[in-house]
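To start, the structure itself, in structure tokens.
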Amino acid sequence: MNDGGEAEISVDRPEPVTVVIVDDHSIFRSGLRADLGDGIRVVGEADAVDSAVEIITRLHPDVVLLDVHLPGGSGGGGAEVVRRAAPAVPGTRFLALSVSDSAEDVVAVIRAGARGYITKGSSGSEVTRAVYAVAGGDAVFSPRLAGFVLDAFGAATGEQAESIDELDRLTVREREVMRLIARGYSYKEVAGELFISVKTVETHVSAVLRKLQLSSRHELTAWALARRLL
Amino acid sequence: MSTSPIPPRARVQRPPLARPRECVLGGVCAGVALHLGWSVRATRWLAAGLALCGGAGILLYAWLWAMTPLEPAEPGTHGLVHRRVAVPWALFAIAAVLALVVFSLGGGFRAGAVGGSALVPPLTGVIVCAAGAVAWDQLVDATAPRTETAARWLRVVSGALLVAVGVLGPLVWGAAAPGWAWVLFVIALLAGAGVLAGPWALGLWRELIAERTKRVREEERAELAAHLHDSVLQTLALIQTRAGASSEVARLARAQERELRDWLYSGERRIDSDLVTDLRDTAAVLELDHAVRFDVVAVGESRERSGGELAAAAREAMLNAARHAGGDVSVYIENARDGVDVFVRDRGPGFALDDVPADRMGVRESIIGRMRRAGGSASVRPGAGGAGTEVRLHLAYDDEGEAE
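Which chain is which? The protein sequence lines are A and B, in order.
Mapping of the first sequence onto numbering that gives the first Met the number 0: position 91 corresponds to residue 90, and the numbering continues sequentially without gaps.
Mapping of the second sequence onto numbering that gives the first Met the number 0: position 79 corresponds to residue 78, and the numbering continues sequentially without gaps.
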């Protein structure tokens, strides 16, 4: 059934987005596979850390849909997959899948290099949209992740970056964008509200993602430590 | 016919045999005297006289003590027993006197005036009385009004006395002490050490046990959480995906997931709930009754209480969104230093405030009016791009004190 579907898609679109699904539940993998849109081709699946690293480095997919909690490896779950596989596949983007809708669960994976996260309760079209966004180089920010960022960077208490290069705090604009995303605005609505282009919004979001990954703020490092201990 | 009612009445008037809570030693004599209608003083003398008859009075006293109940406590009191004689301290005093006897006998023994067997009775007495003082204090006087400090002092002096007898006794008596005495010296030393270090060791032991129990429980919980996470939560997520976001089944699955997650990860819930917890609970309840999915995001440390006007207005806004818009609704709570903002944004058909008839109290009164009365502000406007409605509630803190 899947083979027929894939053949059809590849005729329609010469260059579909190739995806590898990494999740230790086969039911969830097959459900997700059936739900993804026509422009997405699932080229492989994996159910543990080691097999995921092997398949990703062999297939070089555009996007990896990566469960946060995975068995195998040295117990690092999704974050470990990103750390081990990313250097070998520079063109591949990682999108974290989390059964939880709390941003804290996925921060470790995002800091390892994932471009964002979606919850497992999201509909097929939401996942599809997120896959496209990540494949196009954008970050996928949920309201909750935006809220976490505002908290972690002290934006709620008025901390503010002096220059764009500063990694440990948000700029005024970034903070505005994050606040609107936390209020449930789409990128397009954020752009309309702030009178800037969607492209600019995406730039801000990517900048925030970069800070989230590289910052050594205590709130973020403490988090990573706590998670690893669990 | 005329004499028959008298004996029952006489029996009824006799008070029940019970020990009073205000007493000298055990309350036995007073209780018996009251029961039999005797004089308390005479009863005491009788008991003392019997005690001299080979200890029969002491046995009778102990037997009555054991078999007679305390009189019922008066309502409103703690039922404490007030004794006029401080039994533990009396016992300690006897032990101290006997200890002096032991030491002085030692001197007499050295001088050849006393035989070795004379050592055993006072030495046994020291051990029994000193240990008895502590035991009485801990067990019998547990219902008496006593302070923790007094109990500790009694323990320390009794333990010290026992240790002193155990250590100094052999020095005074020397190698000439009879074999029995050596056993008693060792027992005194051990009892003293036990009395002194007992509570501390007991506390340490209890702490150790409590810690171990806690760790085991936490491990079990983590294991259970990992298992449920891998099975049940995944399945619930899958159900939500397959059943369509706003279907009945998906709503049930989502509510169930939320409950399970709360139980698994947040541990015990705080009784004192804040604004954020309150709105999350509201979201969970509304999701069950309406075809709606709330995404509640909170930023900053919540300082607003749940019972406040702001929480009530926010709940009303959420209820409106659930009723009239449905679908995905975003709730964003921003706690800043100088105030708190709540945004409720839906993607429903939207409405303008002017279109609402003046007699409809919902928005005008329960949201805008309520916020104004609480000293804050509220605005209702179309969402970004003209889609849906966004309610913004703002409440500024007057000063730091009010926020506490």
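Cβ atoms here follow ideal geometry from the backbone N, Cα and C, with glycine treated the same way.
Open item on the list: Mapping the DSSP letters down to three states, classify residue 27/A as helix, strand or coil.
Closed with: Taking the first sequence and counting its residues from 1, one reaches residue 27/A at position 28. Helix at residue 27/A.
- [ ] Quick one: list the residues of chain B neighbouring residue 184/A, beta-carbon separation under 7 angstroms, in chain order.
- [x] Along the first sequence, read from residue 1 onward, the residue named residue 184/A stands at position 185. Result: 383.
Task: Cβ pair residue 176/A, residue 200/A closer than 8 angstroms - done: Here residue 176/A corresponds to residue number 177 of the first sequence, with the count starting at 1. Here residue 200/A corresponds to residue number 201 of the first sequence, with the count starting at 1. With a cutoff of 8 angstroms on beta-carbon distance, residue 176/A and residue 200/A are scored as near each other.
Task: Identified DSSP bridge partners for residue 110/A - done: Here residue 110/A refers to the residue found at position 111 of the first sequence. Bridge partners of residue 110/A according to DSSP: none are assigned.
TODO: For residue 23/A, collect the residues of the same chain with a Cβ closer than 7 angstroms to its Cβ; drop the 5 residues on either side in sequence, then sort them by chain order.
DONE: If you number the first sequence from 1, residue 23/A lands on position 24. Taken in chain order, the residues that qualify are 46, 47, 66, 69 and 70.
Open item on the list: Measuring only the C-alpha atoms, how far is residue 402/B from residue 21/B?
Closed with: Position 403 of the second sequence, counted from the first residue, corresponds to residue 402/B. Position 22 of the second sequence, counted from the first residue, corresponds to residue 21/B. Here residue 402/B scores only 41 on pLDDT, less than 50, and its place in the model is too uncertain to base an answer on.
TODO: Just the chain B side, please: which residues come within less than 7 angstroms of residue 149/A by C-beta, in chain order?
DONE: To locate residue 149/A, count along the first sequence from 1; it is residue 150. Within 7 angstroms Cβ-Cβ: 298.
Open item on the list: For the structure I just gave you, are there three or more beta carbon pairs, one from the region 106-117 of chain A and one from the region 292-299 of chain B, closer than 8 angstroms?
Closed with: no
Open item on the list: Restricting to runs no shorter than 4 residues, where is the alpha helix (DSSP H) found entirely within the region 147-190 of chain A?
Closed with: 171-181
Task: Contact belief for residue 180/A with residue 145/A at Cβ below 8 angstroms, rounded distance in angstroms - done: Taking the first sequence and counting its residues from 1, the one referred to as residue 180/A is at position 181. Taking the first sequence and counting its residues from 1, the one referred to as residue 145/A is at position 146. Their Cβ separation, rounded to whole angstroms, is 4 angstroms, which keeps residue 180/A and residue 145/A in contact under 8 angstroms.
- [ ] Under the assumption that residue 19/A contacts residue 54/A (Cβ atoms under 8 angstroms), give the Cβ distance between them as a whole number of angstroms.
- [x] As a working note, residue 19/A is residue 20 in the first sequence. As a working note, residue 54/A is residue 55 in the first sequence. Right, the Cβ-Cβ distance comes to about 6 angstroms (below 8 angstroms), so this counts as a contact.
TODO: Scan the region 308-334 of chain B for residues whose Cβ lies nearer than 8 angstroms to a Cβ of chain A and list them as they occur along the chain.
DONE: 327, 328, 329, 331, 333 and 334
Open item on the list: Relative to the C-alpha of residue 43/A, which candidate in 27/A, 21/A, 85/A and 14/A has its C-alpha closest?
Closed with: The sequence position of residue 43/A within the first sequence is 44, counting from 1. Checked all of 27/A, 21/A, 85/A and 14/A; the closest Cα to residue 43/A is 21/A.
TODO: Could you work out which residues of chain B lie near residue 230/A, taking near to mean beta carbons separated by less than 9 angstroms?
DONE: A query on residue 230/A cannot be resolved here, the shown segment of chain A reaching from 0 to 229 and no further.
Task: Where residue 342/B meets chain A, residues with beta-carbon distance less than 7 angstroms - done: Along the second sequence, read from residue 1 onward, the residue named residue 342/B stands at position 343. Within chain A, the residues near residue 342/B are 182.
- [ ] Determine the chain B residues that contact residue 24/A at a beta-carbon separation under 7 angstroms, and present them in chain order.
- [x] On the first sequence, residue 24/A is found 25 positions in, with the first residue counted as 1. Within chain B, the residues whose beta carbon sits less than 7 angstroms from that of residue 24/A are 233, listed in sequence order.
- [ ] Would you list the one or two residues that DSSP bridges to residue 327/B?
- [x] By 1-based counting over the second sequence, the position of residue 327/B is 328. In the DSSP output, where bridge partners are listed per residue, residue 327/B has 292/B.
Task: Beta-carbon spacing of residue 152/A, residue 169/A below 8 angstroms - done: Translated into positions along the first sequence, residue 152/A becomes position 153. Translated into positions along the first sequence, residue 169/A becomes position 170. Yes. Within cutoff.
TODO: Please decide whether residue 192/A counts as near chain B, where near means a Cβ-Cβ distance under 8 angstroms.
DONE: Indexing the first sequence from 1 puts residue 192/A at position 193. Output row for residue 192/A: interface = yes.
Task: Assumed close pair residue 61/A, residue 134/A - CB separation to whole angstroms, cut-off 8 angstroms - done: Looking up residue 61/A in the first sequence gives position 62. Looking up residue 134/A in the first sequence gives position 135. Separation of the CB atoms of residue 61/A and residue 134/A is rounded to 5 angstroms, and the pair is thereby assigned contact status at 8 angstroms.
Open item on the list: For a contact defined as C-beta to C-beta under 8 angstroms, what are the partners of residue 27/A on chain B?
Closed with: Stepping through the first sequence from its first residue, residue 27/A is reached at position 28. Per Cβ cutoff of 8 angstroms: 233, 236 and 237.
- [ ] Starting from the C-beta of residue 312/B, find all residues in its chain whose C-beta is less than 6 angstroms away, skip the five residues before and the five after it, and write them out in chain order.
- [x] Locating residue 312/B in the second sequence gives position 313, where the first residue counts as 1. Correct list, in chain order: 366, 369, 370 and 392.
Open item on the list: Strictly under 8 angstroms for the Cβ-Cβ distance: is residue 253/B near chain C by that measure?
Closed with: In the structure shown, chain C does not exist; the protein chains are A and B.
Task: Residue closest to residue 15/B, alpha-carbon to alpha-carbon, out of 36/B, 65/B, 128/B and 209/B - done: Indexing the second sequence from 1 puts residue 15/B at position 16. With distances taken between Cα atoms, residue 15/B lies closest to 36/B.
- [ ] Indicate whether residue 187/B and residue 161/B have their beta-carbon atoms separated by less than 8 angstroms.
- [x] As a first step, residue 187/B is located in the second sequence; it is residue number 188 there, counting from the start. As a first step, residue 161/B is located in the second sequence; it is residue number 162 there, counting from the start. Cβ distance < 8 angstroms, so residue 187/B and residue 161/B count as in contact.
Task: the region 182-190 of chain A / the region 374-393 of chain B touching (three or more Cβ pairs under 8 angstroms) - done: The region 182-190 of chain A makes contact with the region 374-393 of chain B; the number of CB pairs closer than 8 angstroms reaches 3 or more.
- [ ] Examine the Cβ distances between the region 176-185 of chain B and the region 197-211 of chain B and report whether three or more of them are shorter than 8 angstroms.
- [x] The region 176-185 of chain B is not in contact with the region 197-211 of chain B.
TODO: Check the Cβ of residue 168/A against every Cβ in chain B and list those closer than 7 angstroms, keeping chain order.
DONE: In the first sequence, counting from the first residue as 1, residue 168/A sits at position 169. Here the premise fails: no neighbours, minimum Cβ distance about 15 angstroms.
Task: residue 380/B: first and last residue of the uninterrupted beta strand (DSSP E) it sits in - done: The residue labelled residue 380/B in the question sits at position 381 within the second sequence. DSSP places residue 380/B in the uninterrupted beta strand (DSSP E) bounded by 376-381.
TODO: Run down chain B in chain order and give the residues with a C-beta less than 9 angstroms from the C-beta of residue 34/A.
DONE: On the first sequence, position 35 is the one that residue 34/A refers to. Under the 9 angstroms cutoff, chain B gives 240 and 241.
Task: Cα-Cα separation between residue 149/B and residue 211/B, rounded to whole angstroms - done: Translated into positions along the second sequence, residue 149/B becomes position 150. Translated into positions along the second sequence, residue 211/B becomes position 212. Taking the straight line from one Cα to the other gives about 33 angstroms.
Task: Cα-Cα separation between residue 239/A and residue 74/A, rounded to whole angstroms - done: For chain A, the structure presents residues 0 to 229; residue 239/A sits outside this window and is missing.
Open item on the list: In this structure, how does DSSP classify residue 22/A when only helix, strand and coil are distinguished?
Closed with: Mapped onto the first sequence, residue 22/A falls at position 23. In this structure, residue 22/A counts as coil in the three-state DSSP scheme.
Open item on the list: Does residue 97/A pass the burial test, meaning 16 or more other C-beta atoms within 10 Å, or should it be called exposed?
Closed with: The count along the first sequence starts at 1 and reaches residue 97/A at position 98. Looking at its Cβ environment, which holds 16 or more other Cβ atoms inside 10 Å, residue 97/A is buried.
TODO: Run the CB neighbour count on residue 54/B, radius 10 Å, all protein chains shown included, and call it buried at 16 or more, exposed below.
DONE: Walking along the second sequence from the start, residue 54/B turns up at place 55. Under this definition residue 54/B is an exposed residue.
Task: CB contact below 8 angstroms: residue 174/A versus chain B - done: As a first step, residue 174/A must be located in the first sequence, where it is residue number 175. Residue 174/A does not count as touching chain B.
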